[in-house]
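Reviewing the structure listed below.
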Amino acid sequence: MVYPLMIAVLDTNILIKRDIDFSKYKQLYLPESVVRELRDEETRLFYEKHVAFIEVRNPRSLTVETVKRHNAKRNLLLSDPDIDVVALFVDLSNEMFDVWISSDSSKVVCLSDDNGIKQAVCELTKHQENIKIWKFRCYACYEIYDSFREFCAKCGYNSITRVSVRKEGDKEIVNMKKGYKLKDKSVMYKKNEIRTEDQREYNFLAYERRAKANQKSKITKRSDFDLF
Numbered sequence: 018m019v020y021p022l023m024i025a026v027l028d029t030n031i032l033i034k035r036d037i038d039f040s041k042y043k044q045l046y047l048p049e050s051v052v053r054e055l056r057d058e059e060t061r062l063f064y065e066k067h068v069a070f071i072e073v074r075n076p077r078s079l080t081v082e083t084v085k086r087h088n089a090k091r092n093l094l095l096s097d098p099d100i101d102v103v104a105l106f107v108d109l110s111n112e113m114f115d116v117w118i119s120s121d122s123s124k125v126v127c128l129s130d131d132n133g134i135k136q137a138v139c140e141l142t143k144h145q146e147n148i149k150i151w152k153f154r155c156y157a158c159y160e161i162y163d164s165f166r167e168f169c170a171k172c173g174y175n176s177i178t179r180v181s182v183r184k185e186g187d188k189e190i191v192n193m194k195k196g197y198k199l200k201d202k203s204v205m206y207k208k209n210e211i212r213t214e215d216q217r218e219y220n221f222l223a224y225e226r227r228a229k230a231n232q233k234s235k236i237t238k239r240s241d242f243d244l245f
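Heads up, the sequence shown stops at 245 in this note's numbering, and the numbers go up one at a time, no gaps.
The structure is reproduced here in structure tokens:
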């Protein structure tokens, strides 16, 4: 089926980038929380220039609560405005689904660069393709957690980062970025760095200490030999 024009829900980044082709859309929507996030002058001017094409509408409170629970369950890390965007998209999608489908029907889309918003939209509207599972991984000891925590329960470091995983049979495989390079995270205490055995700097420090100890040993042996 060919849709004449689409209905779109906008998030903050799309407005900041001003990446919108208004000719493709019958109506554009955004929640009040997104409008409040438009703080720089250029973005505000862009919004006010096109305000005739953009309707401010808040999602239903029940939908917002549903998205919040889904956000917590799936570790999507959505902000409150992001949650409103997803909830508004769900509301509009449900409204379009309930009406009689005709040649005048419009497709609802969500314009966003945020992966969390895209993921929530796919999951809550039953579009199951490209769904990721988000978990948290300690990059010091590689322990995997279902929910976020500040410090790793296994090694004790605050080295927790969010990762996506995929299931292959009974195993969960962590999706690593192509060319991924681990950046060491320094632990500071009273402006001094605490070096640990899994850091390159620690190995270099240990090498320096061994070299100094060997040098002292050589000097001591030479001094003992000079006595005779």
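Ideal Cβ placement from N, Cα and C applies to all residues, glycine included.
By alpha-carbon positions, which one of the options ends up nearest to residue i?
i: residue 39; options: 59, 52, 51, 66; result: 66
i: residue 36; options: 138, 129, 182, 183; result: 129
i: residue 34; options: 49, 73, 61; result: 61
i: residue 16; options: 137, 172, 139, 140; result: Residue coverage of the chain in this structure runs from 18 to 245, which leaves residue 16 outside it and unanswerable.
i: residue 55; options: 70, 44, 29, 41; result: 29
i: residue 141; options: 183, 90, 84, 162; result: 84
i: residue 25; options: 32, 124, 93, 157; result: 124
i: residue 43; options: 58, 22, 228; result: 22
i: residue 282; options: 64, 138, 109; result: Outside the shown range of the chain, which is 18 to 245, sits residue 282, and nothing can be said about it.
i: residue 191; options: 152, 174, 226, 170; result: 152
Pull the bridge partners of residue i from the DSSP assignment, please.
i: residue 17; result: Nothing about residue 17 can be reported from this structure: the residues present for the chain run from 18 to 245 only.
i: residue 183; result: 190
i: residue 162; result: 153
i: residue 177; result: 155
For the beta strand (DSSP E) that contains residue i, what are its first and last residues?
i: residue 191; result: 188-191
i: residue 154; result: 150-155
i: residue 37; result: From DSSP, residue 37 is part of no beta strand (DSSP E); its letter is neither H nor E.
i: residue 43; result: 42-47
Starting from residue i, trace the alpha helix (DSSP H) both ways and give me its first and last residue.
i: residue 139; result: 132-141
Assess, as a yes-or-no matter, whether the segment 42-61 is touched by the segment 98-111 under the definition of 3 or more beta carbon pairs within less than 8 Å. The answer is yes - the segment 42-61 touches the segment 98-111, with three or more Cβ pairs under 8 Å.
Considering only residues of the segment 53-122, which uninterrupted beta strand (DSSP E) runs meet the minimum length of 3 residues and lie entirely inside it, listed in chain order? Runs of the beta strand (DSSP E) inside the segment 53-122: 71-73.
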